[in-house]
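The numbers in the sequence shown follow this note's numbering, run straight up by one, and end at 881.
Using N, Cα and C, we set each Cβ at its ideal position, and we do this for glycine too.
Remember, it's a predicted structure, so these values are computed and weren't measured experimentally.
Read the structure below first, then the notes.
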Amino acid sequence: TKTRTVTLSSSNFTNVTPVAGGFTVTGPNPSVTIDNPANQKIKYIHINQSSSAPSWDTYNFTVFTFFGNGQTPNTNNDKGNLSTGLYRSRYVNVGGTCHKVRIQFDMPVGNFLPFVSITVNPHVSFHFSLVRFAFMILLGLFAVFLGPNSPLWRWRLQDGGAFQIWTLCVSTVFIMLFYAMIFYTSESWSAWTGSSMAGVGWSQWTNFNQYGDLANSLLHGHTWLDLPVPAPLKAMQNPYDPYLRQQLIFQNGGPQKVKIYWDHAFYHGKYYCYFGVIPAIVFFMPFEIMTGKEMESCWAILMAVLIAAIFATLLLVRMSKIWFPNVSFGAVLLASWMLGMGGGILYHVFTASFYSVPESCSYMFSMIGLWCWFESIRQRKDGSRRRVSAWWIFFGSLFMACNLGCRPQYIFLCLLGIPIFWTAIFKERMLFSKSSIFATIMAFVPFFLVFIPLFVYNFVRFGSFFTFGNTYQLTNFDATDPGFTHLSAAKGIFYYLFQPMNLSTSFPFVGITSTPTLLFYPIEPSEGGYFTFIAPFAAILFATPWIFSRSRRGELAEEMSGSIFEGASVRRSVTSFVWTAIGAGICVMCADSYLGGVSQRYISDFGVLFILGAICCFFAVLPRTGQRIGPSGKLLILACVIAVCLCLVIEFFEMFTIGRYGSLLTSFPRHYFPVKDWFLFLS
């Protein structure tokens, strides 16, 4: 194919006027047409820009191709995009099947197009991407290392010594690096700061420093936020009606004169933060005391999820030793990735704004608290005496109680304490007995130590011990009387669990799903449901009735033999743990759906419960270490490994989804286009 360069001018570029360094759009659908001789098909074109082009501006376009005599244009509904900041992003693959193409830019009248020429059939040089190569190698090693024929599946967790410890450490570090990669790609430290009207649509302001403001207020001895409150807002009879607030803004000079803050609690003429206060105490106040500056929310989120990753691995190891002494090392290693991805926490790492602080901190406290609870179940080395450590159970309860001051929905994880200590309470009498009175007291004291100050904090702000402030929030519906229907909430449950993904063959391959509702119901952009997108490997929960059925009781008791407790007791604990996790998760999901609508960030509220139950099911259905892994066992392992690998790939591409919150195409095209270039060969 012959390479040539076509200079853009008024003769081949319609609805534009030439200016220095490019063209000004003067009409709708500005387009340029390239026509080759019939025997010279066009495979690629490159759109060349002028030296005065702005850096990292993004331009959307549609490609039309002409076949036959070149009179009828053909196109589809897919949009292309390019950036002035990356040379290779301006290559366009037009297929190589036609000799005439048209590029139509999606630009309104008056805008500037900094393009001067188009190279037809340019030489597209090979580009080696170290990131792409490393990602493929690591994914391949992961699949091979944990494949069904790996010796790790025949090696008991408790028999590995230093090798197992170091392998778990390396695996956990890679989970943390995966979190850090997502965090770096989103550049949350510059995306979610200050105040902005972007994305709200109600001419009202989002204050992304809400947690920093809360910490500053607490350090100055009061609970309200030091934000100016417009006099017209104070005078409103019902400030919670978003339409009345919108009218108020434009009746009094617009949003610059009447600045109303979105997603703040508003009560008796003052702004409050209705998000949990404990993250402000743990992260934001110490930072301001030490530096004199307000901490950005994204750094608290990053610290929380990195700490949580460490304790999630410790939790799985300890849970395995207490309940699944015959589980393989490979199972625990794979489960650590299932937990790291299946709890829904990755969304918070990417959209690391103040909205995600409560969930991230609750996830951290829950992983630490559950680990402490399992760690509290002790046994002497000679097996002569079992007990519950008072101090371990105290710290476990302390961390679990902190959930009420972060994300209250996570307090449902405290229900897991019942099956965790089931045998200790009802069979071994290691709690709620005369000999264990101290440990019993230590299990409950932390809840009083945490809950009472939180209730007082609520009373000081809103005059009620049990009002956390969410009913006084200024949002896109009247939170004092939301009026959502049960039918809408039922649809929300479907969207949360089973909404199919919107996949395509064009980068970024993962799109925003369609979530229609006839009546008003808050729904944020989503890429799919929990079992179809976040954690398909958690679908093993649907086999729970069979896994813990009466016919498998003997098999499960044998699998769990060798524990601190006898196998039948452990089986009852695990069974009740799984059903409690499922039941609590369903309750939280229904409450979220009915009271708050559908938001991908809410998935972690119940996702952590579901994935913990799913991991127990996974451990329970695997053959015990030392036995031959049959075809069904290998199929289960293979399915889980493939599901985790697919989730890793999908979560990677989900970062680049167009239309999601924090879309990289519009916010940080310098991260979007280099990855899009990996798939230039896809037309």
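Contact check, residue i vs residue j, beta carbons under 7 Å
| i | j | result |
| --- | --- | --- |
| L807 | G783 | yes |
| T263 | M853 | no |
| T683 | Q697 | no |
| S369 | S534 | yes |
| F563 | F597 | yes |
| S595 | I691 | no |
| V658 | L629 | no |
| S388 | F871 | no |
| C570 | F548 | no |
| P706 | F851 | yes |
| L425 | S315 | no |
| P430 | L417 | no |
| I543 | S802 | yes |
| N279 | N258 | yes |
| F303 | G220 | no |
| W876 | R286 | no |
| F552 | W353 | no |
| V839 | A341 | yes |
| E722 | V708 | no |
| I566 | A637 | no |
| G603 | G474 | yes |
| L862 | H869 | yes |
| Y693 | V796 | yes |
| S401 | P453 | yes |
| G541 | I809 | yes |
Opening and closing residue of the alpha helix (DSSP H) in which residue i lies
| i | result |
| --- | --- |
| K689 | 684 to 696 |
| G783 | 765 to 794 |
| N656 | 635 to 660 |
| V329 | 328 to 343 |
| W589 | 588 to 599 |
| Y870 | 867 to 874 |
| S518 | 495 to 521 |
| G615 | 615 to 618 |
| T742 | 742 to 745 |
| T489 | 483 to 489 |
Option nearest residue i by Cα separation, candidates the options
| i | options | result |
| --- | --- | --- |
| A550 | L512, E494, I505 | E494 |
| I232 | G225, V261, T224 | V261 |
| C785 | G338, A688, L350, N450 | A688 |
| A599 | F642, S634, W620 | F642 |
| T703 | A413, L513, F804, I848 | I848 |
| L311 | V839, F211, I856 | F211 |
| I437 | W460, G419, K277 | Sequence check: residue 437 is Pro here, not Ile. When only C-alpha atoms are compared, the closest one is W460. |
| L793 | P734, V819, S686, S747 | S686 |
| S518 | H869, I813, T222 | I813 |
| V530 | W876, V204, L820, T864 | L820 |
| A332 | F303, F372, E757 | F372 |
| A413 | V648, Y472, F482, G681 | F482 |
| V610 | L423, F522, F775 | The question names Val, but residue 610 is Phe in the sequence shown. F610 has its Cα closest to that of F775, out of L423, F522, F775. |
| S747 | E722, G308, W777, S724 | W777 |
| F866 | Y545, P523, F729, S386 | S386 |
| R750 | A818, G795, I566, Y728 | A818 |
| L568 | I721, S554, V515 | V515 |
| S771 | S415, Q444, L652, T621 | T621 |
| A677 | I479, S662, P440 | P440 |
| L880 | P714, N291, L716, F718 | N291 |
| R799 | A741, R858, L846 | R858 |
| P617 | T391, F675, I520, F343 | I520 |
Residue span of the beta strand (DSSP E) that contains residue i, given as start and end
| i | result |
| --- | --- |
| F262 | 256 to 264 |
| Y289 | 289 to 296 |
| L754 | No beta strand (DSSP E) contains L754, which is instead part of the alpha helix (DSSP H) from 751 to 757. |
| F313 | 313 to 318 |
| I240 | 240 to 247 |
Distance cut-off 6 Å: residue i Cβ against heavy atoms of the ligand MG
| i | result |
| --- | --- |
| S534 | You won't find the ligand MG in this model; it holds no ligand whatsoever. |
Query raised in the report: Which full runs of the alpha helix (DSSP H) of 4+ residues lie inside the stretch 523 to 565, going along the chain?
Result: 527 to 540, 544 to 548
Requested in this report: For the stretch 480 to 488 and the stretch 460 to 467, state whether three or more C-beta atom pairs, one from each stretch, are separated by less than 8 Å.
Outcome: No, they do not touch.
**Report entry** Every unbroken beta strand (DSSP E) inside the stretch 790 to 859 [3 residues or more]
**Finding:** Counting whole runs of 3 or more residues, the stretch 790 to 859 contains no beta strand (DSSP E) stretch at all.
Query raised in the report: Can we say the stretch 407 to 424 touches the stretch 568 to 579, given the rule of at least three CB pairs closer than 8 Å?
Result: Taking a cut-off of 8 Å on C-beta distances, the stretch 407 to 424 does not touch the stretch 568 to 579, as fewer than three cross pairs fall below it.
Query - Three or more C-beta pairs below 8 Å linking the stretch 232 to 249 and the stretch 309 to 329 - result: yes
**Report entry** Inside the stretch 348 to 392 only - beta strand (DSSP E) runs reaching at least 3 residues
**Finding:** Every candidate beta strand (DSSP E) stretch fails here, since none sits fully inside the stretch 348 to 392 while reaching 3 residues.
Report task. Could you say if the stretch 493 to 507 and the stretch 557 to 567 meet the contact criterion of at least three C-beta pairs nearer than 8 Å? Result -> Touching, yes.
Requested in this report: Evaluate the contact criterion for the stretch 618 to 638 versus the stretch 763 to 773: three or more CB pairs, one atom per stretch, below 8 Å.
Outcome: yes
Query - Those runs of the alpha helix (DSSP H) which lie wholly inside the stretch 416 to 481 and span at least 4 residues - result: 429 to 432, 440 to 449
Report task. Indicate whether the contact test is met: 3 or more Cβ pairs, each with one atom in the stretch 263 to 274 and one in the stretch 287 to 304, closer than 8 Å. Result -> yes
Report task. Could I get the ranges of all uninterrupted beta strand (DSSP E) runs contained in the stretch 201 to 228, with 3 residues as the minimum, in chain order? Result -> Within the stretch 201 to 228, the complete beta strand (DSSP E) runs of at least 3 residues fall at 202 to 205, 214 to 217, 220 to 223.
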